Amino acid sequence: MRRELSLPLFWRVCLINGAVFVLGTLALVLTPATVSARTLWSEVLVLSLGLAVIVALNAVLLRSVLRPLDRLTAVMGTIDLRRPGRRLDEDGAGPARPLVAGFNAMLERLEAERTASTTRALHAQEAERQRIAQELHDEVGQSLTAVLLGLKHAADGASPDVAAELEQVRDTTRTSLEEVRRISQRLRPGVLADLGLLNSLSSLASDLTARTGIPVTRGFLPGLPALSREAELVTYRVAQEALTNVARHAHAHAVELGLTRRGDTLTLRVADDGVGGADATAGAGIQGMQERARMVGGRLELRSRRGAGTEVILELPVAEPPS
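First residue of the sequence shown: 1, per full-length UniProt numbering; consecutive thereafter.
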């Protein structure tokens, strides 16, 4: 059986056709069937029936070999590495089982390599964000602070008219400094280490309300498990991206932000009552959230109906028993 399964497909087809031809030859040798010098109509009928039987038998035998190839070809055209997990059934592949098994193994390797490369890219992205945030805080922030001090010193010795103008410039500079600090905090979620995940999510909700005026209803159940640093960062980034999309595209009047646990699954939910119609296959932001979810073994689902708002659900596995 193992030798038969190890035969190349070409030789299997040759063996099947050879077996059919041998059966046809044996039928001619072992039966009294003959053909006259001038073929009779009865002999034509017998030959036609025999040919039909040979063709049908050949088709039946080859179907078990080639039909799995048709299914394999159809699946190959629909494979999307952004949606991993799809496999062909090896048990129903028949003689083509080694080929199907090889295809499934290839998908396993491609998905593993893509996950590893995506993980490296996301870690590099986080490191770059940390670097930019540090430079914004140390370089731009300090420069703007020095400008504020210089403007205050200049305003103290200036005439009232000039001092009023300098005060307006100070207000603009102070606003710019606050914006730089806010961008730095978004690039580097230091609040995760300082305040924890729940307080960081609350900070995101408060920031959205302060910038857009959209109220955010928060629902955080107690007894949530301790997460790894990567899982906390993924949860924070997904919530951050989802709330950013609400502010940019949803035209919503209310948002719900929740973090709950059911059994061994931790669920983050961000839902709005906006225009909806978001497409899970388009946009680097949504794809980035999906990649981050897969990086920690989670799953992200986007539910969006036009006119009925959008719901982003992140599910992460947790190993610890619930409190």
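All C-beta atoms, glycine included, are put in the ideal place defined by N, C-alpha and C.
Please read these numbers as outputs of a predicted model, since none were measured by experiment.
Residue from the options whose Cα sits closest to the Cα of residue i
i: Pro98; options: Leu110, Ile54, Arg12; result: Arg12
i: His153; options: Gly141, Glu232, Leu166; result: Leu166
i: Thr31; options: Trp41, Gly50, Asn17; result: Gly50
i: Gly219; options: Gly258, Thr267, Gln134, Ile79; result: Gly258
i: Pro137; options: Leu151, Ala254, Ala271, Arg186; result: A small correction: the amino acid at residue 137 is His; Pro does not occupy that position in the sequence shown. His137 has its Cα closest to that of Arg186, out of Leu151, Ala254, Ala271, Arg186.
i: Leu107; options: Thr118, Ala124, Ile79; result: Ile79
i: Gly223; options: Val44, Asp264, Ser202; result: Asp264
i: Gly18; options: Ser42, Val46, Trp41, Leu62; result: Leu62
i: Ile286; options: Ile313, Gly307, Thr267; result: Ile313
i: Ala319; options: Ser228, Gln290, Ala308; result: Ser228
i: Thr267; options: Ser202, Arg109, Pro225; result: Pro225
i: Gly277; options: Thr217, Ala308, Trp41; result: Ala308
i: Gly298; options: Ala59, Trp41, Thr115; result: Thr115
i: Gly288; options: Leu45, Glu139, Asn245, Ala52; result: Asn245
Beta-carbon proximity check, residue i vs residue j, cutoff 8 Å
i: Leu300; j: Arg261; result: no
i: Leu316; j: Thr235; result: yes
i: Leu197; j: Leu144; result: no
i: Leu204; j: Ala239; result: yes
i: Glu256; j: Ala242; result: no
i: Asp279; j: Ala254; result: no
i: Arg292; j: Leu110; result: no
i: Ile54; j: Gly24; result: yes
Cβ of residue i within 8 Å of any chain B Cβ
i: Pro68; result: Chain labels in this structure do not include chain B; a single protein chain is all it has.
Buried versus exposed call for residue i [16 or more other C-beta atoms within 10 Å across all chains shown]
i: Arg305; result: exposed
i: Thr310; result: buried
i: Pro68; result: buried
i: Glu232; result: buried
i: Cys14; result: exposed
i: Leu201; result: buried
i: Leu5; result: Because the pLDDT of Leu5 is 47, which lies under 50, any placement of that residue in the model is unreliable, and the question is left without a value.
i: Arg182; result: exposed
i: Leu26; result: exposed
i: Gln290; result: buried
i: Ser323; result: In this prediction, Ser323 has a pLDDT of 48, which is less than 50 and means its spatial position is unreliable; nothing more can be read from the coordinates.
i: Ala250; result: buried
i: Arg237; result: buried
Cβ-Cβ separation, residue j to residue i (assumed contact under 8 Å), whole Å
i: Gly141; j: Val180; result: 6 Å
i: Ala105; j: Glu90; result: About 10 Å; that fails the 8 Å criterion.
i: Thr173; j: Leu149; result: The pair is not a contact, with the Cβ atoms about 10 Å apart (cut-off 8 Å).
i: Leu57; j: Val22; result: At roughly 12 Å, the Cβ-Cβ gap does not stay under 8 Å, so Leu57 and Val22 are not in contact.
i: Ser184; j: Ala127; result: Not quite, the Cβ-Cβ distance comes to about 15 Å (not below 8 Å), so this is no contact.
i: Val169; j: Leu151; result: 6 Å
8 Å CB neighbourhood of residue i in its chain, flanking five on each side removed
i: Ala247; result: Leu208, Arg211, Thr212, Ile214
i: Glu230; result: Met295, Val296
i: Ile16; result: Asn58, Leu61, Leu62, Val65
i: Ala158; result: Leu166
i: Arg2; result: Residue placement at Arg2 is poorly supported in this model, since its pLDDT is 43, which falls under 50; the coordinates still yield a value, given next. The answer is none, since no qualifying residue turns up.
7 Å CB neighbourhood of residue i in its chain, flanking five on each side removed
i: Leu88; result: Arg71, Leu72, Val75, Val100, Phe103, Asn104
i: Ala163; result: Ala155
i: Leu47; result: none
i: Thr119; result: Met295
i: residue 325; result: Since the first and last residues shown for the chain are 1 and 323, residue 325 lies out of range.
Cβ shell of residue i (< 6 Å), same chain only, five flanking positions each side left out
i: Thr217; result: Glu256
i: Arg269; result: Gly258, Ile313
i: Val275; result: His251
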